[in-house]
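Down below is the structure, laid out as structure tokens.
Number of protein chains: 2
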Amino acid sequence: MSDPTHPSPAESLIAAQGGRITRTRVAVLDVLLAAEQSLTHDEIGSALAEQGIKHDRVTLYRTLDWLVENGVAHKMAGDDRARRFGVAASAPHEHAHFHCDCCGKVVCLEGLQPAVAVNLPGGYQLDRAELVLHGACPTCGKGT
Amino acid sequence: MSDPTHPSPAESLIAAQGGRITRTRVAVLDVLLAAEQSLTHDEIGSALAEQGIKHDRVTLYRTLDWLVENGVAHKMAGDDRARRFGVAASAPHEHAHFHCDCCGKVVCLEGLQPAVAVNLPGGYQLDRAELVLHGACPTCGKGT
DNA sequence: GGCGCAAATGCTACTATGTTGCAAAACCAC
DNA sequence: GTGGTTTTGCAACATAGTAGCATTTGCGCC
Chain A
2 MSDPTHPSPA ESLIAAQGGR ITRTRVAVLD VLLAAEQSLT HDEIGSALAE
52 QGIKHDRVTL YRTLDWLVEN GVAHKMAGDD RARRFGVAAS APHEHAHFHC
102 DCCGKVVCLE GLQPAVAVNL PGGYQLDRAE LVLHGACPTC GKGT
Chain B
2 MSDPTHPSPA ESLIAAQGGR ITRTRVAVLD VLLAAEQSLT HDEIGSALAE
52 QGIKHDRVTL YRTLDWLVEN GVAHKMAGDD RARRFGVAAS APHEHAHFHC
102 DCCGKVVCLE GLQPAVAVNL PGGYQLDRAE LVLHGACPTC GKGT
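Chains as they are written, first to last, in the numbering used here: chain A, 2 to 145; chain B, 2 to 145.
Structure below.
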């Protein structure tokens with residue numbers, strides 16, 4: 002299926018991490034790259050199904066896990082118990098997310114540089130900061 | 002059990018919200034008030050069991066839900082799929098949490114005032130910001 | 001103090017999300 | 001093509017949270 006003369010961005014990303022080019026990985030990464038917002042397993046699974054890509058729920062979990070471990074994607078905990086995934090920003094540390102309380106969408110705000118120069122109480126070692134903004138997205142805000 | 006001349010803080014908080022004073026609510030709120038960190042359902046349930054308070058898992062969920070709805074407690078999503086609860090800070094908006102990647106504890110850092118004066122893209126309406134700091138807590142940091 | 005109503009509880013069963021183990025298939029190097 | 005390793009697919013399991021409904025309990029009212 003994959004023409005060597007037309008390597009998709011997804012294939013390049015996978016190859017760069019030393020991973021094998023498989024149907025599932027390419028398809029999942031394609032979906033992630035096409036989406037401008039974070040997706041749940043369910044959403045990714047549906048997208049794969051629409052493309053006629055045969056896949057298992059477990060495979061999807063493992064594929065996403067692999068992508069996260071290799072820094073291609075990043076995962077975050079939403080308000081509900083469903084984890085969401087998105088393509089990793091160029092700056093993996095300290096980038097913000099916007100969570101719409103109305104429709105539940107999560108968008109990456111990579112342009113933001115929150116001032117996390119907080120003074121932690123003694124003993125705490127800061128590794129990374131995650132800023133989540135809650136509110137209404139443009140779509141939902143209009144209906145208010 | 003509850004002596005009107007000695008109303009516990011928990012009972013006062015519940016009564017202030019127009020809620021009924023029940024064993025479960027008082028006990029749950031007591032646990033939350035005593036804890037300086039956020040607790041999971043499981044942890045609260047264990048604490049209740051130790052006090053000999055008969056309770057159901059579902060009741061606990063509903064009690065916590067009620068507390069959150071009435072602004073007495075606040076819930077947050079952890080890294081895993083378990084929600085954590087804590088007593089609401091005096092300033093419910095814009096207060097930070099510290100999440101220990103080592104032991105999984107979540108501590109409220111109410112003294113912090115993160116600069117969330119971020120410039121949101123047009124259309125986004127900011128309601129509240131949640132800053133989660135990841136790293137090692139004093140206990141875990143020593144062992145590193 | 002007793003009565004009655006509505007809220008709260010407790011129980012069972014159910015859904016959703018995520019994980020583990022293992023055999024079969026696919027991918028890549030040779 | 002062949003061989004070795006990775007990845008996939010399946011089934012079963014584990015955990016977190018929810019729904020419906022009958023019973024109990026707190027609390028206002030008489």
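Glycine included, C-beta positions come from ideal geometry on N, C-alpha and C.
Report the CB separation of residue i from residue j in whole angstroms; it is logged as a contact under 8 angstroms.
i         : j         : result
B:Gly-136 : A:Tyr-125 : 6 angstroms
B:Gly-46  : B:Arg-58  : 7 angstroms
B:Phe-156 : B:Ala-74  : In the structure displayed, chain B extends from 2 to 145; residue 156 of chain B sits before or after that span and is not available.
A:Lys-76  : A:Arg-82  : In fact, because the Cβ distance is near 13 angstroms, the residues do not count as touching under 8 angstroms.
A:Ile-54  : A:Ala-28  : 5 angstroms
Under DSSP, the beta strand (DSSP E) around residue i begins and ends at which residues?
i         : result
A:Glu-131 : 126-137
B:Ala-36  : Segment: none, B:Ala-36 is in no beta strand (DSSP E) and carries neither H nor E.
B:Arg-84  : 84-88
A:Cys-109 : 107-110
B:Cys-101 : 97-101
Terminal residues of the continuous alpha helix (DSSP H) containing residue i?
i        : result
B:Gly-53 : No alpha helix (DSSP H) holds B:Gly-53; DSSP gives it neither H nor E.
B:Val-73 : Premise fails: B:Val-73 is in no alpha helix (DSSP H) and is neither H nor E.
B:Ala-16 : 10-17
Quick check: the Cα distance between residue i and residue j, rounded to an integer number of angstroms?
i         : j         : result
A:Ser-3   : A:Leu-110 : Low confidence applies to A:Ser-3: its pLDDT is 42, below 50, so where it sits in the model is not reliable, and the reading given next is rough at best. Taking the straight line from one Cα to the other gives about 32 angstroms.
B:Ala-19  : B:Val-69  : Before going on, a small fix: residue 19 of chain B reads as Gly here, not Ala. Going by the C-alpha atoms only, they are around 14 angstroms apart.
A:Leu-33  : A:Cys-101 : 19 angstroms
A:Ser-13  : A:Ala-89  : 15 angstroms
B:Gly-72  : A:Leu-30  : 41 angstroms
B:Glu-37  : A:His-56  : 45 angstroms
B:Ala-35  : A:Glu-51  : 51 angstroms
B:Pro-139 : B:Gly-105 : 13 angstroms
B:Phe-99  : B:Thr-41  : 15 angstroms
A:Ile-22  : A:Asp-43  : 23 angstroms
A:Ala-11  : B:Pro-10  : 57 angstroms
A:Leu-49  : A:Leu-65  : 13 angstroms
B:Arg-24  : B:Thr-60  : 11 angstroms
B:Cys-141 : A:Leu-127 : 12 angstroms
A:Cys-103 : A:Pro-122 : 35 angstroms
B:Arg-129 : A:Glu-131 : 14 angstroms
Is the CB-CB distance between residue i and residue j below 8 angstroms?
i         : j        : result
A:Val-133 : A:Ser-39 : no
Relative to the ligand FAD, is the shortest distance from any of its heavy atoms to the C-beta of residue i smaller than 7 angstroms?
i        : result
B:Thr-64 : With respect to the ligand FAD, the structure offers nothing, as it holds no ligand at all.
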